[in-house]
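Enquirer: Can you read through this structure? Questions will come right after.
Residue numbers (the numbering used here): 750 to 1038.
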């Protein structure tokens, strides 16, 4: 610990010694009296100065709130609780989560991009000009596919079947990873118009509920979401599901607690229980800018 005396603290803060004594007398500055001498921890003085820092509009605050934004995932939500990380979740989809990360409103964003890139998540992180200090942490690989009512009454075994039959498909909001996947697959498969349920579903569980209640015939979400809702599942793709954050956030105790959990057997067991996960990438630094 670097301790400063009154003259040293006065010089460090560029305040007169008289003013410093006034702040001490009013208990307005971090300090400690040891054998009759006032001492000031330098790191606490730094925190004291930063606590009163004004942030003009557009300036990212030094520390984001302890929130994981982005995509919803049952294994991630369980992990946040199990790790005792103190991190909350705000599930609005990949695009919205990244937007909040760039504004400094969340500590990290859970992402699963889909496009023609070899590794869409890495390419997205690399291409963000306002995220020059990005780090991408692998969380898991997930299985995405068609969610269908029990018994698959319309015999929908592929996206081509959905397009040919005109089945009503529950969709996600623009910017959600599952919607990116659907758009890519539709573009590859056919130019036929998709019969979409409106309005879009905000999360995978919301989409599963739309199918379970008969408002839609099908939709794209994870195998875990299908299992939790008691729905049929037809696999379409495996995807990387990663956590995107700034480098300084990676070293925060809350994030490190989550990463430690990923290495534990309980994490792999829970993933197996939920189904549709491959935990081999968990905790790996997949991109570092």
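For every residue, glycine included, the Cβ atom is placed at its ideal position computed from N, Cα and C.
(1) Quick one: Cα of residue 756 to Cα of residue 762, how far?
(2) Shortest alpha-carbon distance to residue 950 belongs to which of 846, 923, 1019 and 1027?
(3) In terms of alpha-carbon separation, which member of 1027, 792 and 937 lies closest to residue 753?
(4) DSSP three-state call for residue 776: helix, strand or coil?
(5) Whole angstroms are fine: how far does the CA of residue 776 sit from the CA of residue 813?
(6) With DSSP as the reference, identify every bridge partner of residue 724, one or two as the case may be.
(7) What are the complete beta strand (DSSP E) segments, minimum 3 residues, inside the region 973–1036?
(8) Can you check the region 829–913 for any beta strand (DSSP E) of at least 3 residues that lies completely inside it and give the ranges in chain order?
(9) Within the continuous alpha helix (DSSP H) that includes residue 925, where are the two ends?
(10) Determine contact between the region 976–987 and the region 895–910, defined as no fewer than three beta-carbon pairs at a distance below 8 Å.
(11) When we look at the beta-carbon of residue 1005 and count the other beta-carbons within 10 Å, is it buried (16 or more) or exposed?
(12) Can you name the start and end residues of the beta strand (DSSP E) that residue 949 belongs to?
(13) Name the residue from 1003, 1030 and 1008 whose alpha carbon lies nearest to the alpha carbon of residue 834.
(14) Leaving out the 5 sequence neighbours to the left and right, which residues in its chain are closer than 7 Å to residue 758 when beta-carbon positions are compared?
(15) Go through its chain and collect everything with a Cβ distance to residue 961's Cβ below 8 Å, but skip five positions before and after it.
(16) Would you identify the three-state DSSP class for residue 915, choosing helix, strand or coil?
(17) Taking 8 Å as the cut-off, decide whether the C-beta atoms of residue 1037 and residue 884 are in contact.
(18) Just to confirm the assignment, what range does the beta strand (DSSP E) spanning residue 968 have?
(19) Can you list, in chain order, the residues of its chain with a C-beta nearer than 8 Å to that of residue 877? Leave out the 5 residues immediately preceding and following it.
(20) Would you say residue 1025 and residue 971 are within 8 Å of each other, going by their C-beta atoms?
(21) When DSSP labels each residue in this structure, what does residue 781 get in the three-state scheme?
(22) Out of 783, 840, 784 and 797, which one is the CA nearest neighbour of residue 772?
Expert: Concretely, from the data shown:
(1) Cα to Cα, residue 756 sits roughly 10 Å from residue 762.
(2) Here the closest residue by C-alpha is 923.
(3) Closest option to residue 753, Cα to Cα, is 792.
(4) It is coil, neither helix nor strand.
(5) Their Cα atoms are separated by approximately 28 Å.
(6) Because the chain in this structure spans residues 750 to 1038, residue 724 falls outside the shown range and cannot be described.
(7) Taking only runs of at least 3 residues, the beta strand (DSSP E) segments lying wholly in the region 973–1036 are 981–995.
(8) Taking only runs of at least 3 residues, the beta strand (DSSP E) segments lying wholly in the region 829–913 are 837–840, 857–860 and 883–897.
(9) Where residue 925 is concerned, there is no enclosing alpha helix (DSSP H), given that its DSSP letter is neither H nor E.
(10) Segments in contact, yes.
(11) Classification of residue 1005: exposed, given that the 10 Å Cβ count is below 16.
(12) Residue 949 -> beta strand (DSSP E) spans 945–950.
(13) Checked all of 1003, 1030 and 1008; the closest Cα to residue 834 is 1003.
(14) Cβ within range, chain order: 769, 789 and 794.
(15) If we look at residue 961 and ignore the five residues flanking it on each side, its Cβ neighbours are 898, 978, 979 and 980.
(16) In the three-state reduction of the DSSP assignment, residue 915 falls in the coil class.
(17) Contact flag set, yes.
(18) Run containing residue 968: 967–971, per the beta strand (DSSP E) assignment.
(19) Correct list, in chain order: 847, 851 and 883.
(20) With contacts defined by Cβ atoms closer than 8 Å, residue 1025 and residue 971 form a contacting pair.
(21) Strand at residue 781.
(22) Residue 797 is the option with its Cα nearest to residue 772.
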